[in-house]
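Note that numbering that gives the first Met the number 0 numbers the sequence shown so that position 2 is 1, with each residue one more than the last.
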Amino acid sequence: MIVFDLSCSAHGHRFEGWFGSSEDFANQQARGLVTCPQCGSADVLKAPMAPAVPRKGNQQPSRPTEPIAGPETSVPAVPSQMVTNAPMPPEAVKMMQALAKMQTEALKSSRWVGGKFAEESRAMHYGESEAEPIHGEATLDEARALLEEGVEVAPLPFPVVPPGKAN
Ligand SMILES: [Zn+2]
Numbered sequence: 000m001i002v003f004d005l006s007c008s009a010h011g012h013r014f015e016g017w018f019g020s021s022e023d024f025a026n027q028q029a030r031g032l033v034t035c036p037q038c039g040s041a042d043v044l045k046a047p048m049a050p051a052v053p054r055k056g057n058q059q060p061s062r063p064t065e066p067i068a069g070p071e072t073s074v075p076a077v078p079s080q081m082v083t084n085a086p087m088p089p090e091a092v093k094m095m096q097a098l099a100k101m102q103t104e105a106l107k108s109s110r111w112v113g114g115k116f117a118e119e120s121r122a123m124h125y126g127e128s129e130a131e132p133i134h135g136e137a138t139l140d141e142a143r144a145l146l147e148e149g150v151e152v153a154p155l156p157f158p159v160v161p162p163g164k165a166n
């Protein structure tokens, strides 16, 4: 038997796995049989060996040292919000707050249509319904299709809490 330090690439959870051999591990990994005990992700990799770190030290959450872009992780998903942990200059913070406020103001006169955004925009574009400002959710594909049809849509710079989900 052989023990491997493993980590899931999604969250960097560290755990140990026992295998008959390296081939055994590679085989099970390829078939998605090796899963993270904490989140169940099958996207599991051998963690970088750190023999100097005592086992008990593995309690803290650790991150993989470099992002791994496997074929599984390159599946187009819902675009995530841009985030940063870099300190922002006060002017930038002020600007962001002003922008966020502008968006809030603009959306006051706009109707939330949720997941029916594409449908509603299209209906207005083709004159099937009264034109009015709306905002809602659309997938990247939907937004692209709308633009191709000449329907003017724009992504909102700030996330919007859908009505009814605020609490
Ligand atoms: Zn995990």
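C-beta: ideal position from N, C-alpha, C; glycine also.
Note on geometry: alpha-carbon atoms of alanine 117 and glutamate 148 lie some 11 Å from one another. Beta bridge pairing from DSSP links leucine 5 with Phe14 and Lys45.
Here valine 160 is exposed, its C-beta having fewer than 16 other C-beta atoms within 10 Å. Each residue's CA atom was taken as its position, placing glycine 31 and alanine 41 some 5 Å apart. In the three-state scheme derived from DSSP, where H, G and I count as helix and E and B as strand, valine 112 is classed as strand. Taken in chain order, the complete beta strand (DSSP E) segments of 3 residues or longer contained in the segment 97 to 150 are 110 to 113 and 133 to 135. In the three-state reduction of the DSSP assignment, serine 40 falls in the coil class, being assigned neither a helical nor a strand state.
For a cut-off of 8 Å, the C-beta gap from proline 156 to glutamine 102 is around 6 Å, short enough to register as a contact.
For the options Arg13, Lys115 and Glu129, the alpha carbon positioned closest to that of alanine 142 is the one of Lys115.
Between the alpha carbons of valine 112 and glutamate 131 lies a gap of roughly 11 Å.
Under the 10 Å beta carbon count, valine 33 is surrounded by 16 or more other beta carbons and is classified as buried. In this structure, Ile133 is the residue among Gly126, His124 and Ile133 with its C-alpha nearest to the C-alpha of serine 108.
Taking all protein chains in view, the Cβ of leucine 5 is crowded by 16 or more other Cβ atoms within 10 Å, so the residue is classified as buried. Just measuring C-alpha positions, the residue of Val43, Gln28 and Phe24 sitting nearest serine 8 is Val43. Here DSSP, grouped into helix, strand and coil, assigns serine 21 to helix.
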